[in-house]
Amino acid sequence: MKKGLKIGGVIVGVIIILMLLLPFAFRGKIAGIVKTEGNKMLNAQFDFRKLSISLFRNFPQASLTLEDFWLKGTGDFEGDTLVQAGEVTAAVNLFSLFGDKGYDVSKVSLKDTRLHAIVLPDGRVNWDIVKPDTVQKEEETAEEASAFKIKLKQFVADNVDLVYDDRQGNRYAEVLALDALCSGDLSSDRTTLKLKAETGSLTYKMNGIPFLSKVKLAAKMDIDADLANHKYTLKDNSFRLNAIEADLDGWMTLKDPAIDMDLKMNTNDVGFKEILSLIPAIYATEFSSLKTDGTATLTASVKGIWQGDTVPAFDVDMQVKDAMFRYPSLPAGVDRINVNARIQNPGGSADLTTIRLNPFSFRMAGNPFTVIADIKTPVSDPDFRAEAKGILNLGMVKQVYPLQDMELNGTVNADMQMAGRMSYIEKEQYDRVQASGTVGLSGMKLKMKDMPDVDIRKSLLTFTPKYLQLSETTVNIGKNDLTADSRLENYMGYALKGTTLKGYLNVRSNHLSLNDFMKTDSVAAASADSTAATGIVEIPRNVDLQIDANLKQVLFNKMSFNDMNGKMVVKDGKVDMKNLSMNTMGGNVVMNGYYSTADVKRPQLNAAFKMNNIVFAQAYKDLDMVRQLAPVFEHLKGHFNGNLNVATDLDETMSPVMNTMQGNGHLSTRDINLSGIKVIDLIAEAIKQPNLKDMKAKDMDIDFTIKDGRVSTKPFDIKLGEYVLNLSGSTGIDQTIDYTGKVKLPASLAGDYAKLTTLDLKIGGSFDSPKVSVDTKSMANQAVQTVADEAIGRIGKKLGLDSAATANKDSLKQKVTEKATEKVFDFLKKKLK
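No gaps in the numbering here: position 441 of the sequence shown is 441 in the UniProt record's numbering, and each next residue is one more.
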């Protein structure tokens, strides 16, 4: 018995060891199969970071797990990620991977996954990624065994985001944080699918209208699945939208490429409180304690074929009569709430959809407010009618809704009507459009935690069919003030269909700190969208505005601008600046050029700057570009004039991307103190003239270019007393220096050797650690250049050479070079001690 137990234990141990080791042995082969098969089948970019195998996780099946899996589009979908998954796991019959009868998959799970489906305006979809030849081959071998045997019995989703962006049908759906479990035998012709799902947020929009906004959905369903005929009939089921609990009756049949359906929602127990739960702000704030009264009904049904642009008949109806709500902890509530909202379509074209809201009315603090809206033919030519009338006392909001850390005051007085067709607006047939009335705002004050106070004393919007007029309005935000008046044309087309908004805007301010409106690091870090978390200011493409600016003081990052005046044209995702003048950095700058976000991932600046009387040290302090390309400005004492033409990409902080910058310019100064400049100190030491360290430079003019991350200058002179320093070369964003120079010594110092007193310099190293050296070879070259045929004898005699040597000019040149170099160096050693 003991011997048998030992043998059994050894066998079990060997099996366990083999189950641990076999996955490592086959992992490379299986990873190769997955990548090879995937790339054969897919017209997309496909990869994963790691593949792992476990024989324990779904025993007796093997678990294949792909980590950091992604699938990206190509062509027009370049850069769009169809699938990005933290973990994808499939339970597979391991031995089926090495046979020729296909792959046996019984379970699939997704974890930390995002799926983004896109339909382009022309109908093309980003999930059509199977290569055409693969599809054809599959059709030709339809009678052969499938490469996959899907015996799926379970599907698991853990924290999955789904986005459906239909740009052709103008529909958008977003499901966030989906957890789901679906079980059943998909290998049989008929089975019962058991589904349990819950999502943190569900949003659905059609034609820009939000029908569902960030609602919480939970569902539990048993579905009779006729897999042979692709028909799915709902049995016992329930679902919940926020606080609304309901169930569905009916069925759905998949008839590729169409879907036939007959579904009806039953909401026998819905009340007004449950209807209110669809409003995110109310559902998220003390909803359980909310007291309500009144009657409410909600019905929904859909029946017919959904294929392409053809939609089934649907009807969603919500009625609320004489309702009210009140938080017990607050002194007042909102009453006389009446809602008659209905969305219908008889089936066929989506353009047959009608949306009716007549009325939506309520009373708050004794003031009634009513909104009426009707929309027909929303796809082809929206036919709309809308009215808003009433008074909102914003100071009473805190009496009916828990504002927490917010204080709100002011009065909104609305009396406006609009009616017409979108085609009238597009054709500028404003006589056929009804638009009249005003919306006034007075005494508005808003205080929020960690936000500057907002104060609007008075503002009035006046509506006409052709334009929207904003009267002179002053907004105070913290210490900032902004006064604006404008006239905006095509505002209805802009609001309803996204067409171009045109007009003018006059802006004035005494103090405007843009830093107060930039995102803090903590806010940016909390944002899930990397683009939204940046400081890039995106210019809308559908805006055509003429802006006149008169701003007394503007603060941006470290910079201060005073008396900023000029014109700006906002159009096609670009801002053109014309003679934008500002006092800054101790002087004045006039700017002409543009800032463009036509490619929002690569914003660009192309501009010309005319600068007058700018302080060197202030330019260094305020501009990152100067600190990178010309850190020498930090220690320069004085002012400069000049111009700069520059074209560069901008990063997410709207700072120049230095290695993309191209430009040129000119800089001049008439009186500058160079004391404390390391390079000048080293030059002074190299030529033994320490008094040069404290001299002022006169009349300096520099022409420069910017290219490939370096600033290159043409030869320019620096006059230091009686000395003249001529420099040229380049500096880089890596702070390196590559300059050559010449120092012309004054005649009083050179004496008889004045022609030999131009010293060649080399300046290298970096701004923090420059290196200066005298080019000794240049001295010999200068001596040779002083030798002329008619002077050889005289120079040879002066240098003490015999007559035989002077008779041979080549020999004389060599000896003159040697002797002249020796004499000049002896001379300089004495003079430059």
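All C-beta atoms, glycine included, are put in the ideal place defined by N, C-alpha and C.
Being a predicted model, the structure only gives us computed values, none of them experimental.
Query - residue 605, enclosing beta strand (DSSP E) - first and last residue - result: On the sequence shown, residue 605 is found 605 positions in, with the first residue counted as 1. Per DSSP, residue 605 belongs to the beta strand (DSSP E) from 604-615.
Query raised in the report: In terms of DSSP beta bridges, what is residue 67 paired with?
Result: As a position in the sequence shown, residue 67 is number 67, starting the count at 1. Paired residues: 50, 87.
**Report entry** Endpoints, alpha helix (DSSP H) assigned at residue 492
**Finding:** Walking along the sequence shown from the start, residue 492 turns up at place 492. 491-497 is the extent of the alpha helix (DSSP H) around residue 492.
Requested in this report: Closer than 6 Å by C-beta to residue 355: which residues in its own chain qualify, once you throw out the five before and the five after it? Chain order, please.
Outcome: Position 355 of the sequence shown, counted from the start, is the residue given in the question as residue 355. Closer than 6 Å at the Cβ level, and outside the excluded window around residue 355, lie 343, 375.
**Report entry** residue 73 to residue 252 span [Cα, whole Å]
**Finding:** Translated into positions along the sequence shown, residue 73 becomes position 73. Translated into positions along the sequence shown, residue 252 becomes position 252. Computed Cα separation, rounded: 31 Å.
Requested in this report: Please report the Cβ distance between residue 271 and residue 296, rounded to the nearest whole angstrom; I am assuming they are in contact, meaning their Cβ atoms lie under 8 Å.
Outcome: Counted from its first residue, the sequence shown places residue 271 at position 271. Counted from its first residue, the sequence shown places residue 296 at position 296. About 6 Å; that satisfies the 8 Å criterion.
Requested in this report: List the endpoints of the continuous beta strand (DSSP E) containing residue 281.
Outcome: By 1-based counting over the sequence shown, the position of residue 281 is 281. Unbroken run through residue 281 is the alpha helix (DSSP H), 280-283; no beta strand (DSSP E).
Query raised in the report: What does residue 326 pair with, by DSSP beta-bridge criteria?
Result: Indexing the sequence shown from 1 puts residue 326 at position 326. DSSP lists 291 as partners of residue 326.
Query raised in the report: Beta-carbon separation of residue 838 and residue 697 under 9 Å?
Result: Residue 838 lies beyond the residue range present for the chain, which begins at 1 and ends at 833; the question has no answer from this structure.
Report task. Would you kindly work out how many angstroms separate the C-alpha atoms of residue 392 and residue 363, rounded to a whole number? Result -> For the purposes of this step, residue 392 is taken as residue 392 along the sequence shown, with counting starting at 1. For the purposes of this step, residue 363 is taken as residue 363 along the sequence shown, with counting starting at 1. C-alpha separation (whole angstroms): 9 Å.
**Report entry** Beta-carbon gap between residue 767 and residue 632 smaller than 9 Å
**Finding:** Counted from its first residue, the sequence shown places residue 767 at position 767. Counted from its first residue, the sequence shown places residue 632 at position 632. Yes, the Cβ-Cβ distance between residue 767 and residue 632 is below 9 Å.
Requested in this report: Use the C-beta contact count for residue 304: other C-beta atoms within 10 angstroms, 16 or more gives buried, fewer gives exposed.
Outcome: The sequence position of residue 304 within the sequence shown is 304, counting from 1. Classification of residue 304: buried, given that the 10 Å Cβ count is 16 or more.
Query raised in the report: Among residues of its own chain, excluding the 5 on either side of residue 173, which ones have a beta-carbon nearer than 6 Å to its beta-carbon?
Result: In the sequence shown, residue 173 corresponds to position 173, counting from 1. The residues are 164, 204.
Query - Nearest neighbour of residue 552, chosen from 445, 326, 581 [CA to CA] - result: The sequence position of residue 552 within the sequence shown is 552, counting from 1. For residue 552, the nearest C-alpha among the options comes from 581.
Query raised in the report: Just the Cα atoms here: how many angstroms apart are residue 112 and residue 213?
Result: Translated into the one-based positions of the sequence shown, residue 112 becomes position 112. Translated into the one-based positions of the sequence shown, residue 213 becomes position 213. Roughly 23 Å separates the two Cα atoms.
Query raised in the report: Can you name, in chain order, every residue of its own chain whose Cβ lies under 6 Å from the Cβ of residue 558, other than the five neighbours on each side?
Result: Locating residue 558 in the sequence shown gives position 558, where the first residue counts as 1. Taken in chain order, the residues that qualify are 622.
Requested in this report: Could you check what DSSP says for residue 509 in three-state terms: helix, strand or coil?
Outcome: Within the sequence shown, residue 509 is the residue found at index 509, counting from 1. Residue 509 falls in the strand class under three-state DSSP.
Report task. With DSSP as the reference, label residue 686 as helix, strand or coil. Result -> Here the question's residue 686 lines up with position 686 in the sequence shown. In this structure, residue 686 counts as helix in the three-state DSSP scheme.
Query raised in the report: Smallest Cα separation from residue 210: which of 170, 181, 231?
Result: Translated into positions along the sequence shown, residue 210 becomes position 210. Checking every option, the nearest Cα to that of residue 210 belongs to 170.
Query raised in the report: How about residue 463 and residue 418: are their beta carbons less than 9 Å apart?
Result: In the sequence shown, the residue the question calls residue 463 occupies position 463. In the sequence shown, the residue the question calls residue 418 occupies position 418. Against a cut-off of 9 Å, the Cβ pair of residue 418 and residue 463 comes out as a contact.
Query raised in the report: What did DSSP end up calling residue 628 once you bin it into helix, strand or coil?
Result: Working through the sequence shown from its first residue, we reach residue 628 at position 628. Of the three classes helix, strand and coil, the one that applies to residue 628 here is helix, per DSSP.
Report task. Taking only runs that begin and end inside the region 194-238, name each unbroken beta strand (DSSP E) of 3 or more residues, in chain order. Result -> 209-226
Query raised in the report: Would you report the Cα separation of residue 494 and residue 431, rounded to the nearest angstrom?
Result: Residue numbering aside, residue 494 sits at position 494 when the sequence shown is read from its first letter. Residue numbering aside, residue 431 sits at position 431 when the sequence shown is read from its first letter. Near 18 Å, if we compare the C-alpha coordinates of residue 431 and residue 494.
Query - Proximity winner among 569, 584, 544, relative to residue 554 (alpha-carbon distances) - result: Here the question's residue 554 lines up with position 554 in the sequence shown. Residue 584 is the option with its Cα nearest to residue 554.
Query raised in the report: For the region 650-663 against the region 683-694, are there 3 or more C-beta pairs whose distance is under 8 Å?
Result: no
Query raised in the report: Which residue comes first and which comes last in the alpha helix (DSSP H) that contains residue 176?
Result: For the purposes of this step, residue 176 is taken as residue 176 along the sequence shown, with counting starting at 1. Careful: residue 176 lies outside any alpha helix (DSSP H), inside the beta strand (DSSP E) at 171-183.
Query raised in the report: Hey, out of 704, 81, 699, 711, whose CA is closest to residue 717's CA?
Result: Your numbering for residue 717 matches position 717 in the sequence shown. Among 704, 81, 699, 711, the Cα nearest to that of residue 717 is on 699.
Query raised in the report: What number of angstroms, rounded off, separates the C-alpha of residue 746 from the C-alpha of residue 686?
Result: Position 746 of the sequence shown, counting from 1, holds the residue named residue 746. Position 686 of the sequence shown, counting from 1, holds the residue named residue 686. Each residue's Cα considered, the two are about 16 Å apart.
Requested in this report: Could you tell me the distance, in whole angstroms, from the CA atom of residue 470 to the CA atom of residue 281?
Outcome: Along the sequence shown, read from residue 1 onward, the residue named residue 470 stands at position 470. Along the sequence shown, read from residue 1 onward, the residue named residue 281 stands at position 281. If I take the Cα positions, the gap works out to 30 Å.
Query raised in the report: When DSSP labels each residue in this structure, what does residue 538 get in the three-state scheme?
Result: Counting from one through the sequence shown, the residue named residue 538 turns up at place 538. Of the three classes helix, strand and coil, the one that applies to residue 538 here is coil, per DSSP.
Query raised in the report: Are there 16 or more other CB atoms within 10 angstroms of the CB of residue 161, so buried, or fewer, so exposed?
Result: Residue 161 sits at position 161 when you count from the first residue of the sequence shown. Its Cβ being crowded by 16 or more others within 10 Å, residue 161 is buried.
Query raised in the report: Grouping DSSP H, G and I as helix and E and B as strand, with all else coil, what is residue 735?
Result: If you number the sequence shown from 1, residue 735 lands on position 735. Coil, per DSSP.
Report task. State whether the region 453-460 contacts the region 495-509, with contact taken as three or more CB pairs (one from each stretch) at a distance under 8 Å. Result -> no
Query raised in the report: If you follow the beta strand (DSSP E) that residue 561 is part of, which residue opens it and which one closes it?
Result: Taking the sequence shown and counting its residues from 1, the one referred to as residue 561 is at position 561. 559-571 is the extent of the beta strand (DSSP E) around residue 561.
**Report entry** residue 380, DSSP secondary structure in three states
**Finding:** Taking the sequence shown and counting its residues from 1, one reaches residue 380 at position 380. In this structure, residue 380 counts as coil in the three-state DSSP scheme.
Query raised in the report: beta strand (DSSP E) containing residue 835: first to last residue?
Result: This structure gives no information on residue 835, because the portion of the chain shown stretches from 1 to 833.
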